[in-house]
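Working notes for the structure below.
Number of protein chains: 2
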Amino acid sequence: VGLPRFFAPHATESGATIDLPEEESTHVARVLRLAVGAHVRVFDGRGHEWDAMVHRVTRHTVAVTLQDEVIPRRESGVALTLAIAVLKGDKMDDIIRDAIMLGVIAVQPLVTMRTEVSAATVERSRRVERWRRVAVSSAKQCGRAVVPSILEATTLPSALDQNTLRVMLVEPAIGVTTRRLAELPAASAATLLVGPEGGWTPEEVERADGSGAILITLGSTTLRADAVPLVALTALRVRWDDF
Amino acid sequence: VGLPRFFAPHATESGATIDLPEEESTHVARVLRLAVGAHVRVFDGRGHEWDAMVHRVTRHTVAVTLQDEVIPRRESGVALTLAIAVLKGDKMDDIIRDAIMLGVIAVQPLVTMRTEVSAATVERSRRVERWRRVAVSSAKQCGRAVVPSILEATTLPSALDQNTLRVMLVEPAIGVTTRRLAELPAASAATLLVGPEGGWTPEEVERADGSGAILITLGSTTLRADAVPLVALTALRVRWDDF
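Chains as they are written, first to last, in this note's numbering: chain A, 1 to 243; chain B, 1001 to 1243.
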């Protein structure tokens, strides 16, 4: 609807007046320079969204009054998690942004055998916090009322250890049985596992196979590393959800 | 196979000794510093590829002898053309690269009502020549033996004026009948039309609709402008070709 949207994880219900978080308050007061009475939208990151009005503007805090709850943007019918080997530098920011715009409900950063970034570096550089800010800004940008979870980095074995459908993207030449997209079972929830630029090790592929994950390829298609998750997520959405 | 690949549009048949184009010769002699007798691959950009051997290296020209013809990377079963409104700056380079890696056979740059780059600018800045170099380097990189055509920039009406299936990507709110991907007819050739960041004008959508093009959306998904063609091409490939 074109109204500016703000993220307020503590939003409660129509009629309530709540403080926006500091970053959002700054955005209201200093960047957009909205005054008391301005119309905005507020979402709680868990799928609720309201029409709202700026109620009070002080130096560090903006309070808004929640008005009618509105119907949020429809979420994808498949709860997709992207488990992806951490890429170097800022590349992960774009991947997380794209994945969120494509509707994932969570991103699980992975540290694999060939990941170029160590778990220690991920922790020390506070990447996860940074990615969480990217998640909020992406949700604001693309109109979702859900802010996807950015999970703490983990290893492949621990990412494989779950009950939902796990789909691992592998290179075609890997010498294990892969399935075509059309052969994937229907699913309401799934985790897509995408390896690092150097690929999965044969042991990692075996472990995933042995744990019941389904292996898929993108045929002989060779893509830029940054484009791989976008293409694979799109392929799964088309297979399951048809946008 | 890991052998360096070179583009030789004038390659003929096994047994022939041919000169590589100047840029490719420089790459052989100065960058890779290959000597006489080195094994390489040569492709003609029209789907043929050979094992080859460096035959002669002079200051500006490298000659290679074509040996056995090899089976080239399989092309997509659907001859897809991406007709895309020209984006500003270097963004088109990445889009063309990704599109080629996803298997398009041609890219048709479009100048639409809301395109921010004029036809005159496209011409004056020799963009098409630049994009053709991108096409060659992308084909080399992703292993295709076909170098997709980069057509001269044209207008929407002229891009619509053809007999193959035309699929126009539109915003969901546009108020015209769109089809779901699953409803697209089977096709062996198609043109995907993607508008500029500012979108198509209502007149452009009407014209496309009236000309028999099929209008599709990506549902309520909002993407970065650069990601739109990649996602839409992937969606069509999954629909028709399943990688």
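For each residue, glycine too, the CB sits at the ideal point set by N, CA and C. Computed from a prediction, not measured in an experiment: that's the story for all the values here.
Residues near residue i by beta carbon distance below 7 Å, same chain, minus five either side
{"i": "Ala1251(B)", "result": "The shown model of chain B, from 1001 to 1243, leaves out residue 1251(B), and the question about it has no answer."}
{"i": "Thr201(A)", "result": "Met113, Arg114"}
{"i": "Gly198(A)", "result": "Arg114"}
{"i": "Lys88(A)", "result": "Glu116, Val117"}
Opposing strand residues paired with residue i [DSSP bridges]
{"i": "Glu197(A)", "result": "DSSP lists no partner for Glu197(A)."}
{"i": "Met53(A)", "result": "His39(A), Thr65(A)"}
{"i": "Gly45(A)", "result": "Val146(A)"}
{"i": "Ile71(A)", "result": "Paired residue(s): none; Ile71(A) is not in a bridge."}
{"i": "Arg1017(B)", "result": "The identity of residue 1017(B) in the sequence shown is Thr, whereas the question assumes Arg. For Thr1017(B), which the question treats as bridged, DSSP gives the partners Thr1065(B)."}
{"i": "Arg1114(B)", "result": "None; Arg1114(B) has no bridge partner."}
{"i": "Arg1180(B)", "result": "According to DSSP, Arg1180(B) bridges with nothing at all."}
{"i": "Ala189(A)", "result": "Ala79(A)"}
Residue interval of the alpha helix (DSSP H) (run including residue i)
{"i": "Gln1141(B)", "result": "1127 to 1142"}
{"i": "Asp209(A)", "result": "202 to 210"}
{"i": "Ala119(A)", "result": "119 to 124"}
{"i": "Thr1234(B)", "result": "1227 to 1240"}
{"i": "Leu1218(B)", "result": "Leu1218(B) -> no alpha helix (DSSP H), and no H or E assigned at all."}
{"i": "Leu1156(B)", "result": "1156 to 1160"}
Other residues of its chain near residue i: CB distance less than 8 Å, five sequence neighbours each side excluded
{"i": "Asp1068(B)", "result": "Ser1014, Trp1050, Asp1051"}
{"i": "His48(A)", "result": "Ala11, Glu69, Pro72, Ala145"}
{"i": "Phe1243(B)", "result": "Arg1237"}
{"i": "Lys91(A)", "result": "Ala225, Asp226"}
Residue i: first and last residue of the uninterrupted beta strand (DSSP E) it sits in
{"i": "Ala85(A)", "result": "79 to 85"}
{"i": "Met1092(B)", "result": "Segment 1091 to 1101 is the alpha helix (DSSP H) holding Met1092(B); no beta strand (DSSP E) there."}
{"i": "Ala29(A)", "result": "Counting along the chain, Ala29(A) falls outside any beta strand (DSSP E), and DSSP gives it neither H nor E."}
{"i": "Pro1109(B)", "result": "1106 to 1111"}
{"i": "Phe1006(B)", "result": "1005 to 1007"}
{"i": "Arg332(A)", "result": "Here chain A comprises residues numbered 1 to 243, so residue 332(A) is not present and cannot be evaluated."}
Through-space distance from residue j to residue i, alpha-carbon basis
{"i": "Ala1182(B)", "j": "Ile150(A)", "result": "32 Å"}
{"i": "Thr222(A)", "j": "Ala1135(B)", "result": "14 Å"}
{"i": "Arg1127(B)", "j": "His1039(B)", "result": "34 Å"}
{"i": "Asp44(A)", "j": "Pro72(A)", "result": "11 Å"}
{"i": "Glu1024(B)", "j": "Arg1132(B)", "result": "14 Å"}
{"i": "Glu1208(B)", "j": "Glu1171(B)", "result": "According to the sequence provided, residue 1208(B) is Ala. The question's Glu does not apply to it. Between Ala1208(B) and Glu1171(B), the C-alpha separation is close to 14 Å."}
{"i": "Gln1108(B)", "j": "Cys142(A)", "result": "28 Å"}
{"i": "Ser137(A)", "j": "Val117(A)", "result": "24 Å"}
{"i": "Gly175(A)", "j": "Thr217(A)", "result": "12 Å"}
{"i": "Thr26(A)", "j": "Glu152(A)", "result": "28 Å"}
{"i": "Ser188(A)", "j": "Thr81(A)", "result": "11 Å"}
{"i": "Pro157(A)", "j": "Ala119(A)", "result": "15 Å"}
{"i": "Val147(A)", "j": "Ala139(A)", "result": "6 Å"}
{"i": "Val231(A)", "j": "Val1231(B)", "result": "6 Å"}
{"i": "Arg74(A)", "j": "Arg46(A)", "result": "12 Å"}
{"i": "Val122(A)", "j": "Val111(A)", "result": "9 Å"}
{"i": "Asp241(A)", "j": "Asp1093(B)", "result": "30 Å"}
{"i": "Thr154(A)", "j": "Ala106(A)", "result": "14 Å"}
{"i": "Leu1184(B)", "j": "Glu22(A)", "result": "47 Å"}
Contact set for residue i: own chain, Cβ-Cβ below 6 Å, skip 5 residues either direction
{"i": "Ile1214(B)", "result": "Val1167, Arg1179"}
{"i": "Leu1034(B)", "result": "Val1028, Val1054"}
Contacts of residue i in chain E (Cβ-Cβ under 8 Å)
{"i": "Ser1220(B)", "result": "Here the protein chains are A and B, and chain E is not one of them."}
Should the segment 185 to 193 of chain A be called in touch with the segment 156 to 166 of chain A, which here means at least 3 C-beta pairs below 8 Å? yes
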